[in-house]
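Counting from 8, one number per residue, gives the positions in the sequence shown under my numbering.
Backbone N, C-alpha and C define an ideal beta-carbon position, used for all residues, glycine too.
Here the structure is a predicted model, which is why all the values come from computation and not from measurement.
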Amino acid sequence: MEVRYTIEDSPQRKALLKDIAKQVYRGKPLTRLIKLCDLLLLLPFVGIAAFVFFQIGDLIETGLIDWYIEEGYPQFRTLVWMRWVLLIGAYLAVLYAIAIRPAMNNQLLQQTLNQHIRGENLLAVRDDGLYHAGHYGHTLLHYREVRRMADMRGFLVIFVGSGYFHAVPYNAFASDEERKQFANLLQSKLEAAGKAHPIA
C-alpha cells in the first residue's frame, strides 16, 4: 500500500516542525549533557554575583563607601553601579541558558528538518520494508528501524531515526478510512518485526 504526498509551507506544518524539533532537542543525550554543563557553570557565577551584590549593599548601608569617597577615593563610587551590573549579568546568563539557547537550537533544528520533508514524496508499506522516494533519493528501511508513529497536527508522522521522519498529511489520503488502513498495515509490519509501536 502506498501514498503520494506533497508538503507545502503552512502554519500547520510549521507547528509540526516546532513540536518535532522540541522532541528531538530534548531527547538527545548531548542536550542533557549541555544542560548539565550550563548548570554547573551557571550556579557558581550566580552564587558569586549574589554574594558580591549583597556585600556591596552592606557597605553602602553602613556608609563606608560614602566615607571612602569623602576621603578622596572616588573610585569607590563604581561599586554602587557595579553591584547592579552583576545582578543584571546574572539575570541575562540565566535567561540565555534557560530560554534563549534552547530556542535557538529549536530554530536550527526546524530549518534542518524543513529540508528533509519538502517536495514530492512517495511512501509505501511493502513486504521487504518501508519504501520512500522523494527529492533526496530512495530509501528502503527494514521495519526494525522504524521507531514509532504518531498522529500530530493533521499529519501521520513516522519516526525512523533521531531527527529523521516522514510526515504524511491527512489530505494525502482519499479518506480517513484509507489513512487508518495505511497506519494499521504499517503497524502490523512493525509488530511482525518485533517493533510494536502503537500510534501516539
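Run through DSSP, which three-state label would residue i get?
i: E15; result: coil
i: Y75; result: helix
i: D135; result: coil
i: G54; result: helix
i: F180; result: coil
i: R160; result: coil
i: A28; result: helix
i: A200; result: coil
i: P205; result: Confidence at P205 is low in this model, with a pLDDT of 48, below 50, so its placement is unreliable and the value that follows should be read with caution. Coil, per DSSP.
Can you give me the Cβ contacts of residue i inside the same chain, cut-off strictly under 7 Å, excluding the 5 residues immediately before and after it?
i: L49; result: A100, V101, A104
i: F60; result: R90, L93, L94
i: P176; result: Y12, I14, G161, F162
i: A22; result: R160
i: R186; result: L163, Y177, F180
Please work out which residues of its chain come closer than 6 Å, Cβ to Cβ, to residue i, disregarding the five sequence neighbours upstream and downstream, and give them in chain order.
i: G136; result: L147, L148, H149
i: Q19; result: R160, G161
i: A97; result: V53, A56
i: Y138; result: A131, L147
i: L46; result: none
i: I63; result: L86, R90
Given a cut-off of 8 Å on the beta-carbon distance, is the pair residue i and residue j in contact?
i: G141; j: N128; result: yes
i: I55; j: V87; result: no
i: R151; j: G201; result: yes
i: V10; j: A179; result: yes
i: M8; j: Q194; result: no
i: I72; j: F58; result: no
i: M156; j: A181; result: no
With DSSP as the reference, please indicate the residues paired to residue i in a beta bridge.
i: F166; result: R155, F172
i: E9; result: A131
i: L148; result: L137
Comparing the C-beta of residue i with each C-beta of chain D, is any distance below 8 Å?
i: Q19; result: Looking for chain D here will not work: only one protein chain is present.
*Sequence ranges, alpha helix (DSSP H) only - wholly within the stretch 64 to 108, length at least 4*: Every unbroken stretch of the alpha helix (DSSP H) spanning 4 or more residues and falling wholly within the stretch 64 to 108 is given here in chain order: 71 to 77, 85 to 102.
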